[in-house]
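To start, the structure itself, in structure tokens.
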Amino acid sequence: MASIFFSYSHKDESLRNELETHLAMLKREGLITSWHDRKITAGDEFAGVIDEKLNTAEIILLLVSSDFLASGYCYDIEVQQAMARHEAGMARVIPIILRPCEWTRAPFGRLLAAPTDGKPISKWADRDEAFLDVVRQIRAALPKTPREPSPSPRPAVRTRHEETTELPRSSNLRLRQSFTDADKDRFLDEAFEFIARFFEGSLEELQKRHPEIETRFRRIDAHSFSAAIYRHGKKKTACSVHQGGRRGFTGGITFSYDESSQANSFNEALNVEVGEQALSLKPMGMQSMLSGQNKGHLTSEGGAEFFWSMLIEPLQR
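For what it's worth, the UniProt record's numbering labels the leading residue of the sequence shown as 1, then goes sequentially.
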């Protein structure tokens with residue numbers, strides 16, 4: 001059974017919780033145990049316990065983000081110890097890229113990171129797919145040791161010494177996160193801005209790759225933009241995207257195939273969905289009913305891809 005150590009910034013605790021949930025099958029199969037600093041018992045020497053667990057772990061997961069790189073303890077202490085053990089062949093270090101940051105300049109930048117191609121988890125359209133990719137890579141990295149036969153069961157006798165050792169505990173200690181109206185509004189603002197930049201960049205790249213294609217991106221105001229794609233000068237598809245806030249029937253971020261439409265006329269909408277650990281975007285379902293596909297719990301990139309697929313679909317028939 002391989003021991004796993006989580007090195008992470010507390011600002012990324014919700015993502016660590018999600019990853020630990022996805023590791024459940026490895027634990028059920030008896031392949032891993034996991035440890036992080038939230039398992040420290042009251043009264044324990046904080047630095048001493050972390051040092052002990054880090055120096056005995058077989059796999060060290062570096063949960064990388066800008067906050068991780070900015071943390072003196074994570075970067076200057078845990079990363080240095082982890083890399084020393086990795087280079088000595090005493091442990092395997094696996095960088096897991098949570099959010100975009102300049103991680104390739106770090107000491108672990110030469111290591112193969114997860115998810116695939118080092119694409120940050122926050123940039124995946126479906127976060128569950130990102131974590132599944134990570135879990136598969138962790139499984140592949142586990143020490144290849146033959147499974148020992150289980151010994152014959154014996155009556156358990158609890159000694160006085162055992163009563164003083166650390167008790168077994170569940171790794172499922174996460175609590176539901178609460179999100180304020182300010183959090184939800186900020187998330188919606190950031191999602192709309194990302195979608196606008198995503199469309200602008202995608203239109204530019206589409207025009208570069210296809211000589212017969214012309215594109216137009218127009219920012220109408222702070223809360224709306226329009227896009228159009230022409231083939232041989234003839235308009236083939238167009239849309240407008242509006243941010244209408246979180247309240248009312250036209251709340252969220254709306255998509256209309258009419259590039260001159262107002263926010264109250266649309267073909268699809270993305271609304272803020274509150275999960276146990278994170279905020280996400282959920283399609284209203286108008287397009288899903290037509291396509292037979294049910295999408296939900298999208299990141300900002302997932303929402304952008306969802307709207308972009310609606311725009312470009314007429315050119316891909």
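Glycine included, every Cβ here is placed at the ideal spot set by N, Cα and C.
A quick note: this is a predicted structure, and the numbers were derived from the prediction, not measured.
For chain B, check one thing: does any of its Cβ atoms lie closer than 7 Å to the Cβ of residue i?
i: Phe-255; result: No chain B appears in the structure shown, which is made up of a single protein chain.
Going by other Cβ atoms of all chains shown within 10 Å of its Cβ, with 16 needed for buried, is residue i buried or exposed?
i: Ile-4; result: buried
i: Lys-53; result: buried
i: Ser-178; result: exposed
i: Gly-285; result: exposed
i: residue 335; result: Only positions 1 to 317 of the chain appear in this structure, which leaves residue 335 out of reach.
i: Tyr-8; result: buried
i: Asp-12; result: buried
i: Gly-292; result: Note on Gly-292: pLDDT 45, under 50, position unreliable in the model; no value is reported.
i: Leu-132; result: exposed
Is DSSP giving residue i helix, strand or coil here?
i: Tyr-230; result: strand
i: Phe-198; result: helix
i: Cys-74; result: helix
i: Phe-187; result: helix
i: Leu-111; result: coil
i: Ala-88; result: coil
i: Trp-103; result: helix
i: Arg-160; result: Bear in mind that a pLDDT of 48 at Arg-160, under 50, signals an unreliable position, so the model cannot answer this.
i: Ala-57; result: coil
i: residue 321; result: In the structure as shown, the chain starts at 1 and stops at 317, and residue 321 therefore has no counterpart that could be examined.
i: Glu-273; result: strand
i: Leu-142; result: coil
i: Asp-221; result: strand
Less than 7 Å between the C-beta atoms of residue i and residue j, yes or no?
i: Leu-69; j: Cys-101; result: yes
i: Ala-228; j: Lys-234; result: no
i: Leu-279; j: Phe-187; result: yes
i: Ala-113; j: Pro-95; result: yes
i: Gln-243; j: His-223; result: yes
What separation, rounded to the nearest whole angstrom, lies between the Cα atoms of residue i and residue j?
i: Ala-91; j: Ile-50; result: 16 Å
i: Ala-125; j: Leu-270; result: 14 Å
i: Glu-276; j: Asp-37; result: 21 Å
i: Val-272; j: Ala-88; result: 47 Å
i: Tyr-75; j: Arg-99; result: 16 Å
i: Asp-185; j: Leu-315; result: 34 Å
i: Gly-30; j: Val-79; result: 27 Å
i: Trp-103; j: Pro-115; result: 14 Å
i: Phe-306; j: Ala-130; result: 17 Å
i: Leu-111; j: Asp-128; result: 23 Å
Write down the C-beta distance between residue i and residue j rounded to the nearest angstrom, noting that I regard them as a contact closer than 8 Å.
i: Phe-225; j: Ala-191; result: So it is not a contact: roughly 14 Å between Cβ atoms.
i: Cys-239; j: Glu-259; result: 6 Å
i: Phe-194; j: Ser-300; result: 4 Å
i: Ile-312; j: Thr-237; result: 7 Å
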